[in-house]
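Down below is the structure, laid out as structure tokens.
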Amino acid sequence: MTYTFVIQQCYLTIKELTMNAVFTYSVRSLITLQRLLMTGLIVLGSFTLNAQAATVSVSNYPLFLLSEAVTEGAPSANRLLQAGEVGHHGSISPGDIKAIKDSKFVVWFGEPLENNLAASLKTAPNAIALFEFDAFNRHPLRDVKGDAITGTLDPHIWLDPENAKAITRALAVIHSHANPQYKDLYQANAKKFAQQLDKEVTAFEKSSIQSASKTRPYWAYHDAYQYIENSLHLTLVGSLSVDHHLSPKASQLRWLNEQRPAKQMCLISPSEPAKGLLAKLQPVKSTVQPEDMSSSDDFISGWQNMAKQIYQCIS
1 MTYTFVIQQC YLTIKELTMN AVFTYSVRSL ITLQRLLMTG LIVLGSFTLN
51 AQAATVSVSN YPLFLLSEAV TEGAPSANRL LQAGEVGHHG SISPGDIKAI
101 KDSKFVVWFG EPLENNLAAS LKTAPNAIAL FEFDAFNRHP LRDVKGDAIT
151 GTLDPHIWLD PENAKAITRA LAVIHSHANP QYKDLYQANA KKFAQQLDKE
201 VTAFEKSSIQ SASKTRPYWA YHDAYQYIEN SLHLTLVGSL SVDHHLSPKA
251 SQLRWLNEQR PAKQMCLISP SEPAKGLLAK LQPVKSTVQP EDMSSSDDFI
301 SGWQNMAKQI YQCIS
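In UniProt numbering, the protein residues as written are 1 to 315.
Here's what the structure looks like:
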């Protein structure tokens, strides 16, 4: 497989995403992709593909779930971080460092999310950082009052269904370069994933249109659910803290209570909030939703369950 052929396939994949009218393509994306793949292919070009599947490693749990959708019926990717270790926290072992070196490709989101992997992956010749591409819907981080922070990136891009589909298509290309014997399977799985996810999103959109409430205000313990808001017609009206490991300030709790747009509010949190905290926000319901979908075994059912439970919390 020549380098030119690899780049042509990746270019066509990104171009297809652009034609779907939800992604932007830039020259910088293609240049970055060329640089990453050329470096990896030069380093790995001396190796020959044996009868066993070549190893592709992915960084964290949501990326692993998306990879599993692509590799269904073929060997799975290796996962570096455990469930619950999206990238803000957790560490990699000497065995993981060896796996990085032994993998044909290592796919990660990038340093804005996975700073604990940056030391190992930023200079790895076989690493591909998805944040390097301009082919995804992106939003800035927001402060505890819901205002955008200029020049930042909210890294939880996988919660946007369009981004999830784009990631699976990119993974199908990458897996196909590593293991071309499964190329048709990877492409078919990515297409099936897109169709199934579209079906789920459409069902929630119809339910939202029929609902008496056109918008659904909510609180977040920390702002990690921005990318699912459009699909569910959610509106963030404030967060308790900038990080779920940090307790909210009394002044922020007071501000939330003073600004509440509904008598009973819904609080979305990555872990079970303390009862004492909830008592200060009453009347309030809460729903526990790990942003990395660590409570789910596959991406689509995880997204569906998250959407249903958020609806139940807000209604």
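Ideal Cβ positions, reconstructed from N, Cα and C, are used throughout, including at glycine.
Tyr218 - partner residues in DSSP beta bridges: Leu236
For Lys104 and Asp160, the rounded distance between their alpha carbons: 28 Å
Span separating the alpha-carbon of Val106 from that of Ser59: 7 Å
Nearest-angstrom beta carbon gap, Ala99 and Asn78 [assumed within contact, 8 Å]: 6 Å
Buried/exposed call for Ile149, threshold 16 Cβ in 10 Å: exposed
Pairwise C-alpha distance: Phe136 and Asp154: Spanning the two alpha carbons is a distance of roughly 12 Å.
For Thr55, three-class secondary structure by DSSP: coil
Close Cβ partners of Tyr227 (< 8 Å) along its chain, the five nearest in sequence each way excluded: Asn137, His139, Asp154, His156, Ile157, Trp158, Leu159, Asp160, Asn163
Under the three-state DSSP convention, the category Val70 falls into: helix
Contact the stretch 299-315 vs the stretch 263-270: 3+ CB pairs below 8 Å: yes
CB of Tyr221 within 8 Å of CB of Leu240, strictly: Closer than 8 Å, so yes.
Simplified DSSP state of Asn163, which is helix, strand or coil: helix
Distance cut-off 7 Å: His175 Cβ against heavy atoms of the ligand SAM: Absent from the structure shown: the ligand SAM. Ligands present: none.
C-alpha distance - Ser247 paired with Leu278, whole-angstrom precision: 12 Å
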